[in-house]
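Protein chains in written order, with this note's numbering: chain A, 372 to 736; chain B, 372 to 736.
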């Protein structure tokens, strides 16, 4: 890139230049990065910062309380969940419109807000890609997404694609985290950890069963969404009143390292097609192995017997938790660094962006 | 239109032909017309049938269980509320996309699904108009709608515009009902009526207070939305246990005439900026005067001392209810026929369509 070329010798491939003007379009529910829980917003933050670090010209569409080294465009001053907005849909429609208006300022637009932008994106002349962060196995989603079989999608695990095999899937990109965000730790706290959301599909009740069966303390750090408040009150709260169980509420990003790093194992006894499961790689980053029940992405993220155990039922999970000391915590950290770094994630996305930009240039010629 | 013209003498104004290809785009929450409650879907049904009757070529986008003499395009087989859809948003996005794909089959597209289609509509080359059916005085709505100040809007009352005076308002069209749907009746039931939704802004508690103060029976026919279930249980249910009060649940369209026609008066003691208040004109159609508390459209729909009383507080409403026999029920029916017929509503819309089509033709030349 240091050499100077006169205009008439610029090759066609020059247009797929190595520095891209990239828009990242995040949900407005949480800031980027999120103050508390917020998997999608964390991934967008990690990707955005890494793309900037790699020299790209990045614009981040996100709530105004976001922190980024990219150029921030904020349709709303504050993240909607913590601001208790009563009409988040209206403000996300505003976001879609603002992206549409500025679309031609970018080489590539990367959406994380499916499905609100599909109609708009389909009609864009600018290359775009959408990472799907959620589950896809619901009837309404299958009906809607099938209509948009041309829109380029990225899955966050191969398993995530299963209900919609015929979309325009252009790749699977596993999530990544910055290497230095979470440190290796020895797991000296002597407890099992549950981290995330309390909801029927996350099955914190199973985590409590495992802890009781093993006679080992369990610490639960989890938020409760309004939609799950009734489930929490009726099904889970009665289970928390046990000497081995400690409920810590929702914890901040800054507390996660200490919480996970001191745990003997992370319990991930899910009961749904987990799209990715960010907490699994957070745990590995801390050197903490994961005891999971099979579902969705689990077999793609964990290596059974190396950095965790993939179990088919509760009894297997209890047994695996008793044998957790057999796993090498250093191997967990190494797996994280090798497969789930922010740099690896960003490089894979940049390769996809390059392909989409080159394709678009081809058709424009 | 009976004369035959050769191609070269067709005048430019011929393009604003008297038979229009019109798309009506209804919400999918209820069928068109609705089986039970559903103000927007009722209005869309009335308008659609009247436009067909007037000779236009009408396509109705609505749920598959709708009944219409127009051409029905159904993105979903059944109305979403009664089918208990868990993701109505996804299916409305599908609706928007289906309209976008067929847009050029129409001379004019009339939307009733604000705000989901704004970004799409703004980019249409086909003339379009959006009737706003809901309240507009919420912060998120003001933020979003202000972005779309070019999109042509119709208000259902002048009062509805107040929070957003600077939109592209092209007219106010009051709702209408078919003349023969509800018959004049003598009000011989000896009770007061409350009809609609039970929610804090509709103030059924005030209706109960009025009935008690007047010593007159009150019949309540109203649905309770899931969002208002708690309010109903905690605030309203205890008030229903009174010898003068009878709660009938949600009633069907076919029962409304008998319910309203036998009432001495309809109580409409609202506490919000009512956008239109369809039940007021249903009541007038039956010859039943309305005792209302001032708010939103009320002074535009009712004529104080002629077909109802517009009150400023509960005491005034109690006093007005005691004097209700002073109003002539025939005058109520006449006001309905003069101002709120389906034919009048459709004619006003056709005039607006004609203006929009002519404008578009002007710019296309």
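Quick reminder that beta carbons are idealized off the backbone N, C-alpha and C, glycines included.
Because the structure is a prediction, the values reported are computed rather than measured.
Under 7 Å between the Cβ atoms of residue 610(B) and residue 713(B)?
Cβ atoms of residue 610(B) and residue 713(B): not closer than 7 Å.
Along the chain, which unbroken stretches of the alpha helix (DSSP H) at least 4 residues long are found entirely within the region 445-526 of chain B?
DSSP runs (the alpha helix (DSSP H)) wholly in the region 445-526 of chain B: 459-473, 489-493, 510-518.
Leaving out five residues before and five after residue 559(B) in sequence, what residues of the same chain have Cβ atoms less than 8 Å from its Cβ?
Closer than 8 Å at the Cβ level, and outside the excluded window around residue 559(B), lie 633.
Could you pull out every unbroken alpha helix (DSSP H) segment of at least 4 residues lying fully inside the region 650-699 of chain A, listed in chain order?
Here the runs fully enclosed are 669-672, 685-693.
Give the range of the beta strand (DSSP E) segment to which residue 627(A) is assigned.
Not the beta strand (DSSP E): residue 627(A) falls in the alpha helix (DSSP H), residues 624-632.
For a contact defined as C-beta to C-beta under 9 Å, what are the partners of residue 512(A) on chain B?
Going along chain B in sequence order, the residues near residue 512(A) (Cβ under 9 Å) are 458, 461.
Could you check whether the Cβ of residue 471(A) sits closer than 7 Å to any Cβ belonging to chain B?
Closer than 7 Å to some Cβ of chain B, the Cβ of residue 471(A) qualifies, so yes.
Checking the sheet assignment: what are the DSSP bridge partners for residue 417(B)?
Partner(s): none; residue 417(B) has no beta bridge.
May I ask you to list the residues that DSSP assigns as paired with residue 533(A)?
According to DSSP, residue 533(A) bridges with nothing at all.
Measure from the alpha carbon of residue 406(A) to the alpha carbon of each residue in 454(A), 588(A), 511(A), 668(A), then state which is nearest.
Considering only alpha carbons, the answer is 454(A).
Which one of 644(B), 456(B), 685(B), 555(B) has the shortest CA to CA distance from residue 508(B)?
The residue with the shortest Cα to Cα distance from residue 508(B) is 644(B).
Are the C-beta atoms of residue 523(B) and some chain A residue less than 7 Å apart?
So, not an interface residue.
I'd like to know if the region 578-587 of chain B and the region 688-695 of chain B are in contact, where contact means that at least 3 CB-CB pairs between them fall below 8 Å.
Segments in contact, yes.
Starting from residue 395(B) and walking both ways along the beta strand (DSSP E), at which residues does that stretch end?
392-396 is the extent of the beta strand (DSSP E) around residue 395(B).
DSSP on residue 401(B), reduced to helix/strand/coil?
Looking at residue 401(B) - three-state DSSP - the assignment turns out to be coil, as it is neither helix nor strand.
Taking buried to mean at least 16 other C-beta atoms within 10 Å of its own C-beta, is residue 722(B) buried or exposed?
Exposed, because fewer than 16 other Cβ atoms sit within 10 Å of the Cβ of residue 722(B).
Note down the Cα distance separating residue 567(B) from residue 494(A), rounded to an integer number of angstroms.
Near 41 Å, if we compare the C-alpha coordinates of residue 494(A) and residue 567(B).
Who are residue 617(A)'s beta bridge partners in DSSP?
According to DSSP, which records beta bridges pairwise, residue 617(A) is partnered with 590(A).
Helix or strand or just coil, what does DSSP make of residue 539(B)?
Note: residue 539(B) maps to strand in three-state DSSP.
Roughly how many angstroms lie between the CA atoms of residue 432(A) and residue 413(B), to the nearest whole one?
Straight-line Cα distance between these residues: approximately 39 Å.
So, for residue 504(A): in the same chain, excluding its five sequence neighbours on each side, which residues have a beta-carbon less than 8 Å away from its beta-carbon?
410, 411, 414, 483, 485, 527, 646, 647.
Excluding the 5 residues flanking residue 471(B) on each side, which residues of the same chain have their C-beta closer than 8 Å to its C-beta?
491, 495.
For residue 572(A), would you say it is in contact with chain C, using Cβ-to-Cβ distances shorter than 7 Å as the test?
The structure shown has no chain C; the protein chains it does contain are A and B.
How many Å lie between residue 535(A) and residue 542(A) at the Cα?
Roughly 14 Å separates the two Cα atoms.
Are at least three pairs of beta-carbons, each pair with one atom in the region 657-676 of chain A and one in the region 585-592 of chain A, less than 8 Å apart?
Cβ pair count under 8 Å is below three, so no.
Which stretch, first to last residue, makes up the beta strand (DSSP E) that contains residue 713(B)?
Run containing residue 713(B): none in the beta strand (DSSP E); it sits in the alpha helix (DSSP H), 713-735.
Say whether the region 671-686 of chain B touches the region 699-706 of chain B, bearing in mind that this needs 3 or more beta-carbon pairs closer than 8 Å, one atom from each stretch.
Result yes; three or more Cβ-Cβ pairs closer than 8 Å.
Is the Cβ of residue 490(B) closer than 7 Å to any Cβ of chain A?
Residue 490(B) counts as touching chain A.
With three or more C-beta pairs closer than 8 Å as the rule, is the region 514-525 of chain A touching the region 620-637 of chain A?
Cβ pair count under 8 Å is below three, so no.
Does residue 545(A) come out as helix, strand or coil in the three-state DSSP assignment?
Note: residue 545(A) maps to coil in three-state DSSP.
Select from 642(A), 710(A), 614(A) the residue whose C-alpha is nearest the C-alpha of residue 666(A).
Answer by Cα proximity: 642(A).
Taking just the CA atoms, how far does residue 639(B) sit from residue 456(B)?
So the alpha carbons of these two residues sit roughly 31 Å apart.
Which same chain residues end up closer than 7 Å to residue 537(B) when comparing Cβ atoms and leaving out the 5 residues on each side of it in sequence?
Correct list, in chain order: 520.
Between the region 472-487 of chain B and chain A, which residues of the former have a C-beta closer than 8 Å to a C-beta of the latter?
Those would be 486, 487, in chain order.
Sort 500(A), 464(A), 481(A) by Cα distance to residue 489(B) and report the nearest one.
Closest option to residue 489(B), Cα to Cα, is 464(A).
At a cut-off of 6 Å, would you count residue 527(B) as near the ligand ADP, judging by its Cβ distance to the nearest heavy atom?
The model depicted lacks the ligand ADP and carries no ligand whatsoever.
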